[in-house]
Ligand code: DP6
């Protein structure tokens with residue numbers, strides 16, 4: 231495990247964190263301020279889709295406001311405010327009022343169907359706290375990252391991770407259930423549209439409770455969580471695959487029946503779902519899908535089938551782009567900064 235507290239005289243730090251793909255999804259909050267979820271969720275942290283973030287706290291008072299740059303663009307409006315609120319949480323913990331310069335780079339396109347908020351808020355939390363010399367445990371970092379973005383709580387750990395819904399802010403934290411080298415699973419993301427999604431996850435979580443199916447999904451989830459935990463422990467791919475598809479469809483049923491309803495799918499989404507079934511049934515290729523809050527489809531397979539799946543995805547006309555990732559480590563501190 232990386233040591234996050236390092237003695238240093240500067241107030242600058244850089245961290246890299248992987249995004250993650252959820253096998254049992256987080257959809258809906260019981261507390262929207264603290265981002266307390268309606269259920270536990272389980273994910274795999276990604277090695278090949280990550281965010282690198284440098285934070286420099288201005289102890290000399292040169293900055294009038296926080297300055298946030300992501301992928302070369304100065305952030306403004308709602309997305310900047312969300313980052314500033316997270317910087318505020320760190321300022322409160324450190325009892326400081328320094329403004330910050332934040333520079334962040336994703337190694338994947340932000341609208342690719344990979345959660346940049348998960349890797350982004352995890353990297354921001356680790357870099358920001360290190361630069362403030364806040365000596366937090368991984369669980370405390372997870373609780374803090376969660377308040378920036380729910381799924382970021384899981385990106386504080388590498389490999390296979392479960393986020394416990396908890397009772398309050400201190401107990402709603404993630405933990406590693408298996409390290410990254412436990413199972414060579416691949417996430418092959420078939421991007422059918424890189425356009426920005428019409429409704430953010432942040433707004434979607436608030437709508438979940440308006441669907442009559444949300445409570446039913448949550449009630450049945452203990453069984454799914456148990457299945458996924460033991461499928462991961464025993465590397466039982468078929469068992470994992472069956473449950474992750476069912477939960478992705480259940481979450482989208484909740485989205486589609488919310489008021490107002492959320493239909494994230496595009497025609498290409500359904501085309502890929504049917505293709506996955508065809509490859510499985512007619513060609514005996516073990517591959518299953520999951521879908522987050524967007525139209526893009528994550529295909530999960532074991533390493534032996536990665537090339538077969540990637541080749542087939544590439545041949546589909548509706549796919550604009552493919553991103554492939556294996557399980558990855560938790561956040562890493564870096565010695566070079568992005569400034
Ligand atoms: C569908 O973590 O993006 O990807 O907490 O508002 O940042 P905020 O939402 P976010 O929601 C993720 C939703 C999901 C499922 C999941 O990753 O568990």
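In our numbering, the protein residues as written are 231 to 569. Even for Gly, the Cβ is constructed at its ideal location relative to N, Cα and C.
Problem - Within the stretch 452-533, ranges of the alpha helix (DSSP H) (whole runs, at least 4 residues) - result: 467-486, 497-513
Problem - Helix, strand or coil at residue 575 [DSSP, three-state] - result: Since the first and last residues shown for the chain are 231 and 569, residue 575 lies out of range.
Practice task
Give every residue of the same chain whose Cβ lies closer than 8 Å to the Cβ of residue 334, excluding the five residues on either side of it in the sequence, and list them in chain order.
Solution key: Only residues of its own chain outside the window of five on either side were considered, and among them 281, 282, 283, 284, 298, 299, 300, 301, 350, 353, 354, 568 have a CB closer than 8 Å to the CB of residue 334, listed in chain order.
Practice task
Answer yes or no: do residue 533 and residue 277 have a C-beta to C-beta separation smaller than 8 Å?
Solution key: no
Exercise for the section: For the beta strand (DSSP E) holding residue 260, just list the boundary residues, first then last. Expected result: 259-261
Practice task
Could you check if residue 460 is buried or exposed, using at least 16 other CB atoms within 10 Å of its CB as the buried criterion?
Solution key: Counting every other CB atom within 10 Å of its CB across the protein chains shown gives residue 460 a total below 16, marking it as exposed.
Handout entry: Cβ-Cβ distance between residue 394 and residue 381 below 8 Å
Key = It is not a contact, given that the beta carbons lie outside the stated cut-off.
Exercise for the section: In the DSSP assignment, find the alpha helix (DSSP H) that holds residue 351 and state where it starts and stops. Expected result: 346-361
Exercise for the section: Would you check if there are 3 or more beta carbon pairs closer than 8 Å linking the stretch 406-424 to the stretch 311-322? Expected result: no
Problem - Cβ-heavy atom distance, residue 523 to ligand 1, below 7 Å - result: Flag set: Cβ of residue 523 near ligand 1.
Problem - ligand 2 heavy atom lying under 7 Å from the CB of residue 435 - result: Ligands present in the displayed structure are limited to ligand 1, and ligand 2 is not among them.
Practice task
Determine, using beta carbons only, whether residue 404 and residue 391 come nearer to each other than 8 Å.
Solution key: Residue 391 is positioned such that its CB atom lies closer than 8 Å to that of residue 404.
Exercise for the section: Classify residue 566 as helix, strand or coil using the three-state DSSP reduction. Expected result: In this structure, DSSP gives residue 566 a state outside helix and strand, which the three-state scheme calls coil.
Handout entry: Where the beta strand (DSSP E) containing residue 284 begins and where it ends
Key = If you look at residue 284, you'll find it in the beta strand (DSSP E) that goes 271-288.
Exercise for the section: Kindly identify the DSSP beta-bridge partner or partners of residue 404. Expected result: Paired residues: 393.
Problem - Which listed residue (369, 478, 264) has its alpha carbon closest to that of residue 523 - result: 478
Exercise for the section: Quick one: grab the DSSP three-state call for residue 326. Expected result: coil
Problem - Check: residue 380 C-beta below 7 Å from any heavy atom of ligand 1 - result: yes
Handout entry: Rounded C-alpha distance that separates residue 357 from residue 438
Key = 32 Å
Problem - Neighbourhood of residue 347 by C-beta distance below 8 Å, restricted to the same chain and skipping five residues each side - result: 378, 379, 381, 382, 431
Handout entry: Enclosing alpha helix (DSSP H) for residue 369 [first to last residue]
Key = 368-378
Problem - Spatial distance of residue 436 from residue 507 (CA atoms) - result: 32 Å
Exercise for the section: For residue 348, verify whether its CB is less than 7 Å away from any heavy atom of ligand 1. Expected result: yes
Problem - residue 385 versus residue 366: straight-line alpha-carbon distance, rounded - result: 16 Å
Handout entry: Distance cut-off 7 Å: residue 255 Cβ against heavy atoms of ligand 1
Key = yes
Problem - Check whether residue 489 and residue 440 have beta carbons under 8 Å apart - result: Yes; because the gap between Cβ atoms is below 8 Å, this pair is in contact.
Exercise for the section: Whole angstroms is fine: what's the gap from residue 487's alpha carbon to residue 268's? Expected result: 17 Å
Exercise for the section: Rounded to whole angstroms, what's the CA-CA distance from residue 319 to residue 258? Just pull it up for me. Expected result: 22 Å
Handout entry: Per-residue DSSP class, three states only, for residue 242
Key = strand
Practice task
Taking only the alpha-carbon atoms, compute the straight-line gap between residue 455 and residue 566 and give it to the nearest angstrom.
Solution key: 39 Å
Problem - Cross-strand partners of residue 336 (DSSP beta bridge) - result: 281
Problem - Among 558, 545, 466, 474, nearest to residue 501 - alpha-carbon criterion - result: Of the candidates 558, 545, 466, 474, the residue whose Cα lies closest to the Cα of residue 501 is 545.
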